[in-house]
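As numbered in this note's numbering, residues 14 to 210 make up the sequence shown, in order. Heads up: the structure comes next, in structure tokens.
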Amino acid sequence: MKQFQLYGFLVILLFYGSYFGKMFLLRFQGIHTDRMGKGKKPNRTRGIEIILKIATYSMAAVQAASVFLIDSRYYLFQMTTIRVIGLLVAFLGVATFIIAMVAMKNNWRAGIDASQKTVLVQKGIYKLSRNPAFLGFDLFYIGFTICFGSILQIAVMCFAVIMLHLQILEEEKYLPSVFGEAYLQYKKSTGRYFWVL
Numbered sequence: 014m015k016q017f018q019l020y021g022f023l024v025i026l027l028f029y030g031s032y033f034g035k036m037f038l039l040r041f042q043g044i045h046t047d048r049m050g051k052g053k054k055p056n057r058t059r060g061i062e063i064i065l066k067i068a069t070y071s072m073a074a075v076q077a078a079s080v081f082l083i084d085s086r087y088y089l090f091q092m093t094t095i096r097v098i099g100l101l102v103a104f105l106g107v108a109t110f111i112i113a114m115v116a117m118k119n120n121w122r123a124g125i126d127a128s129q130k131t132v133l134v135q136k137g138i139y140k141l142s143r144n145p146a147f148l149g150f151d152l153f154y155i156g157f158t159i160c161f162g163s164i165l166q167i168a169v170m171c172f173a174v175i176m177l178h179l180q181i182l183e184e185e186k187y188l189p190s191v192f193g194e195a196y197l198q199y200k201k202s203t204g205r206y207f208w209v210l
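Right, here's the structure in full:
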């Protein structure tokens, strides 16, 4: 296994391992975190969540193929420096995602579900971003695509990032009904992705 393949495998393992690891840990506590396309919700929200799930699973499959099946001669970015920058961005995305999941504690969910009670987390990384877990996904996808990008991966990455953004917009419509004025104030003081963005 070549060095870039090894790092690619490692970043995939860290990201998806942390995602599914957290899901299984919470399941042992009786918390079902995978709410994508499940439960009572508007048809638009359900549709976005189902398409998002397809997009993220497709991205995982393309990422695995990019590391293990596609010859590096076919990557769009051949310069080592650019590929290293891509890997660093991907690892930054993994770190951001893990920090966000840890900060959410038992409140972490994938998808909207009014039947589950959660609290509004505004501490730690959530002081800097309202959606650091989504930001982590985006950085991981973009960085990985820079390092191992094929035309297919760029297309799937763009599709997944757009669907993640649409999911954020759905959650922004939903959260005021749960957290009221506290969420509206939080929304004013904290950026969607970064402090001001």
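Every residue gets a Cβ at the ideal spot worked out from N, C-alpha and C, and that includes glycine.
- For V132, no alpha helix (DSSP H) encloses it, and the DSSP letter there is neither H nor E.
- Counting along the chain, the unbroken alpha helix (DSSP H) around S71 starts and ends at 56 to 81.
- In the DSSP assignment, M176 falls within the unbroken alpha helix (DSSP H) covering 164 to 192.
- Inclusion of I63 and G50 in the CB contact set at 8 Å is warranted, their separation being smaller than that value.
- Here the alpha carbon of S190 sits roughly 21 Å from the alpha carbon of F147.
- With 16 or more other CB atoms across the displayed protein chains lying within 10 angstroms of its CB, Q76 is buried.
- Considering only R59, I83, N56, Y32, the residue with the shortest C-alpha distance to T158 is I83.
- Within the same chain, Cβ atoms closer than 6 Å to the Cβ of I138 are found at I112, A113, A116, P145, the five residues on either side in sequence being excluded.
- Inclusion of Y20 and L100 in the CB contact set at 8 Å is warranted, their separation being smaller than that value.
- With a cut-off of 8 Å on Cβ pairs, the stretch 91 to 98 is not in contact with the stretch 197 to 206, counting fewer than three such pairs.
- Nearest Cα to R40 within the set L26, K118, L197, G156: K118.
- Across the structure, G34 and S202 are spaced so that their CA atoms are roughly 32 Å apart.
- Y87 has its alpha-carbon roughly 47 Å from the corresponding atom of K130.
- Counting along the chain, G34 sits inside the alpha helix (DSSP H) bounded by residues 16 to 41.
- In this structure, the beta-carbon distance from S163 to S79 falls below 8 Å.
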